[in-house]
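Okay, so the sequence shown: first residue is 3 according to our numbering, each after it adds one. Where is the CB? At the ideal position from N, CA and C, for every residue including glycine. Written out below as structure tokens is the structure these notes cover.
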Amino acid sequence: MKIEATYDFNIEASLLCTLIYDPSITTLQIEPELFVHAFHKQVFQAITALDQQNIARDEITIRDYLVSKMRVNPDDTENTLAKILVFTPSASPSHFINRLREIKKIRDIRTALINVQEGIDTGKSANELEAALLSFGLKIASNNSLELFTMHQASVLEAKEPEFVCKDFIPIPKKTVTIFSAGGGTGKTFLIIQLAMRYLVENPAEKAFLWLSEDAIGIAKERINEISNKVYTQGINTHNRLFISADPTFHAIHEENRSITSNPLLHKMKIKLKDTKFIVLDPLIAFYGGDENNNSHARQFMQLFTQWAAEEDKIIIFIHHSTKNTTQSRGASALVDASRAVYEVDKIKDSDGNETNSTKRIVSLTKDNYRASKYFGGYKKEVVIFPSETIVKKPKVIEYISIDDELGIS
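Quick look at the structure:
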């Protein structure tokens, strides 16, 4: 590929000339990365800065800003600005912008291919090379589908209440993310397995997947058996419907060159779980990978899962460790802000802090964007987590299957 195919200085100059001669044209929809020529970048930076300061932009103000504020050599400024201003401005610069975007895509593809070739030359594994290509492909797909926003006419919209599952136990909203926060030893895993099994009872055609990375898979099986013997035993068919994994997790995001990048394995996970509606990930922090107290990292992480849930009609539940000696979720507040419902689980204790009931837990609804409280019966109640006796007669053995290694993370 010729190097010239990755830039066009004439189009860059034509666009800048248009911006200089027509101050009414906004720069908000023009990405600085479209410019390759070093001086063109500086001129565009000066134009943007003048706009932000509400200073009229023209040849003189731009020249003064380059020299006084950006410390560009006066002679270089004079000569290069003169070369830009000889081009013909356009009444509609969109064709310049679109062409520069096309060229930038070519640059990006060229860079990605060079990186892959360097990976081959330095002996990177096939999985690493595949991950790099997949990550780049996802970036292209995301950019191509990017839309600022969609405007809907309110008068023709259909009003719709949020939908919930498990309304008679612990209501969980559909198409979004819910967080359960609790400390160690509170029985949150037992509760979440029971919740999944109740979901399967309500939805006999659906599947549930629980990634319980902190417990051995045999422990999960034992809890399933106990729930099947004491809670739900009326012909629950979980064969090829209830899936468990205790495999090591992967980080859905990671920091790279001071920016946050999504892990291509998340895309593989989405493909693997395409036909699964109910998804539990335990614990949240095992999938995070960013700075636990950084709200920007947390927002980007949660956005990956809230979008997934909304676009593919998923129920995604994160189990999150609480701050020590409390039931409140630890880490960045954006983790909680992005979820539509948050439940906190705690033991029932007396005034001295001693547990007084071994079968129940206090479950508190501490965030309720979709009004789960009308099904929950308020915001706090005691819930039977460990049944002491059979609730439904005629026990039946629950079958389950472990997720295989198709995610490539084991």
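Along the chain, where does the beta strand (DSSP E) that runs through valine 344 open and close?
-> 343 to 349
From asparagine 242 to lysine 177, what does the alpha carbon distance come to, in whole angstroms?
-> Rounded to the nearest angstrom, the two C-alpha atoms are 22 angstroms apart.
Return helix, strand or coil for leucine 36, following the three-state DSSP convention.
-> helix
Cβ shell of isoleucine 415 (< 7 angstroms), same chain only, five flanking positions each side left out | Residue 415 is absent from the model: the chain starts at 3 and stops at 412.
Whole-Å CB distance - isoleucine 32 paired with alanine 48, under 8 angstroms assumed = Contact doesn't hold; Cβ gap of about 14 angstroms is too wide.
Does the segment 289 to 299 come within contact of the segment 254 to 269, defined as at least 3 CB pairs closer than 8 angstroms?
-> yes
Do three or more CB pairs link the segment 310 to 324 to the segment 245 to 262 at distances below 8 angstroms?
-> no
Own chain residues within Cβ distance below 7 angstroms of histidine 39, not counting five before or after | Phe11, Glu14
Does DSSP put glutamate 204 in a helix, a strand or coil?
-> helix
What does threonine 180 pair with, by DSSP beta-bridge criteria?
-> Ile319, Ala343
In chain order, what residues of the same chain lie with their CB nearer than 8 angstroms to the CB of alanine 374, ignoring the 5 residues before and after it?
-> Phe166, Pro173, Ile174, Pro175, Ala343, Leu367
Within 10 angstroms of the Cβ of lysine 279, are there 16 or more other Cβ atoms? Answer buried if so, exposed if not.
-> Only buried fits lysine 279, as 16 or more other CB atoms lie within 10 angstroms of its CB.
Report the rounded CA-to-CA distance for aspartate 217 versus threonine 191, giving the unit in angstroms.
-> Going from the Cα of aspartate 217 to the Cα of threonine 191 covers about 9 angstroms.
Could you please give the first and the last residue of the uninterrupted beta strand (DSSP E) stretch that includes arginine 373?
-> No beta strand (DSSP E) holds arginine 373; DSSP gives it neither H nor E.
How would you write the range of the alpha helix (DSSP H) that phenylalanine 307 sits in, first residue to last?
-> 297 to 314
Are at least three pairs of beta-carbons, each pair with one atom in the segment 375 to 385 and one in the segment 358 to 365, less than 8 angstroms apart?
-> Touching, per the Cβ criterion.
Isoleucine 281: which of Leu17, Asp77, Ile195, Val69 sits nearest, CA to CA?
-> Of the listed residues, the one whose Cα sits closest to isoleucine 281 is Ile195.
Would serine 70 be called buried (16 or more neighbouring beta carbons within 10 Å of its own) or exposed?
-> exposed
Of the residues Gly121, Phe320, Asp370, the one placed nearest phenylalanine 307, counting alpha carbons only | The shortest C-alpha separation from phenylalanine 307 is found at Phe320.
Output the boundary residues of the beta strand (DSSP E) element that contains serine 264.
-> 261 to 264 is the span of the beta strand (DSSP E), which, as asked, contains serine 264.
State the Cα-Cα distance for the pair serine 215 and phenylalanine 98, rounded to the nearest angstrom.
-> The straight-line gap from Cα to Cα measures roughly 51 angstroms.
Cut-off 8 angstroms between Cβ atoms - residues of its own chain near isoleucine 350, not counting five sequence neighbours on either side | Glu357, Thr358, Asn359, Lys362, Arg363, Ile364, Glu384
The alpha helix (DSSP H) with valine 282 in it runs from where to where?
-> Element bounds for valine 282: not the alpha helix (DSSP H) but the beta strand (DSSP E), 280 to 284.
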